[in-house]
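Residues -16 to 214 in my numbering are what the sequence shown lists, from first letter to last.
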Amino acid sequence: MTKPLVLIVEDDLPILEGLKYNFEREGFDVLTATNGRDALQRARQALPDVIILDIMIPPPDGWQVCRELRADAKTKNTRILMLTAREDEMDEVVGFSLGADDYVSKPFKTRPLIERVKALLRRTPPDSDDRETLSISGIEVDRTRYVATLDGQELILTPTEFRMLWTLASQPGRTFTRNELLDCARGEDANSSARTIDVHIRSLRVKLGERAEVIDTVRGIGYRFKPMASK
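Rendered as structure tokens:
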């Protein structure tokens, strides 16, 4: 059985070596990089299953690395977990809007981090719906090509945002609880939280722009897709 490949990008060597040791013990193949330039090169050459990406690394920083990976056809769907010592909530929003799939603040515990990475690897598109495309309120979603468009313009979505958009738009009017969206986005990861879903939804709304209102909040429960009224 092929081992999952993780690329760890971290310039703090004790943290880097500790993560490398523990992921190898968990059965991962591990690549490492200590700066953004090497991270991009190794990601494009090796095509890892998951990238653990520190934000504050030598240039280009983690923000830019994430942006470039999402713009590259070969790596645009690679799962990315960002690490940071910063605690500003807006940093999380920026990270998710750039394409991160998960976000962990330092200091962190190694075991929960490994479980988060395993949860990322378990993510698969919902298979209860055998449709390959859908079109609603000017939004078209094609899950065979993993492409979503708004009025003909491609939306640059993370894999999590794409799956959430498909799930919500495939059953307009139905309210999905945050737990249901957690199952869709991450698998059954005990470290997931409602706050994580709220941040992903906020990022998705930003990308939908004037059409953001189709993602409707049902207070105390979750979210639903509310089609725009025909004019």
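Every residue gets a Cβ at the ideal spot worked out from N, C-alpha and C, and that includes glycine.
Scanning its chain for C-beta atoms nearer than 8 Å, with the 5 sequence neighbours on each side dropped, one finds around W46 the residues I38, V77, G78 and L81, in chain order.
Residue ranges of uninterrupted alpha helix (DSSP H) with 4 or more members, entirely inside the segment 27 to 101 and ordered along the chain, are 45 to 54 and 72 to 81. In this chain, S120 is not harboured by any alpha helix (DSSP H), its DSSP state being neither H nor E. In the three-state reduction of the DSSP assignment, Q136 falls in the strand class. Distance from I63 to A83 at the Cβ level is roughly 5 Å; contact confirmed, criterion being Cβ atoms closer than 8 Å. Remark: C-beta atoms of I184 and A152 do not approach each other more closely than 8 Å. A26 is positioned such that its CB atom lies no closer than 8 Å to that of I35. Rounded to the nearest whole angstrom, the CA to CA distance from F145 to A131 is 7 Å. In the DSSP assignment, T15 forms a beta bridge with I(-9). Between F6 and V(-8) the beta-carbon gap is near 13 Å, outside 8 Å, which marks them as no contact. When only Cα atoms are considered, R99 and R8 end up about 16 Å apart.
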